[in-house]
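Colleague: Take a look at the following structure, please.
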Amino acid sequence: MQRHALHRWRTNTRAATVAGSEARRAECAALSDELHSLRRAHLELQDRMARTSTSTAAISCKSCRGLWRL
């Protein structure tokens, strides 16, 4: 009887560990996607700034907390 309980405990522990790993992987993937999106937006903003040099508008970049005059 104890052996079966130990086996169930090990199986449940492994399942919980795998589920936790899957959740961490999913969270990391979501954060990675968000980071790539912010980098793309930042590069697009830098590109726009480079193309328009004499504008009076100011654009702030949330990803690096900078403020530029265009």
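So the number in the numbering used here is just where the residue sits in the sequence shown, counting from 1, plus 17.
From the three backbone atoms N, C-alpha and C, an ideal C-beta is built for every residue, glycine too.
It should be emphasised that the depicted structure is a prediction, and the values quoted were computed from it without experimental measurement.
How many angstroms separate the CA atom of E39 from the CA atom of R68?
Modeller: For E39 and R68, the distance between alpha carbons rounds to 43 Å.
Colleague: What is the rounded straight-line gap between the Cα of R31 and the Cα of L60?
Modeller: So the alpha carbons of these two residues sit roughly 43 Å apart.
Colleague: Note down the Cα distance separating H53 from V35, rounded to an integer number of angstroms.
Modeller: So the two alpha carbons sit approximately 27 Å from each other.
Colleague: My output table needs one value for T28: the three-state DSSP class, helix, strand or coil.
Modeller: Helix, per DSSP.
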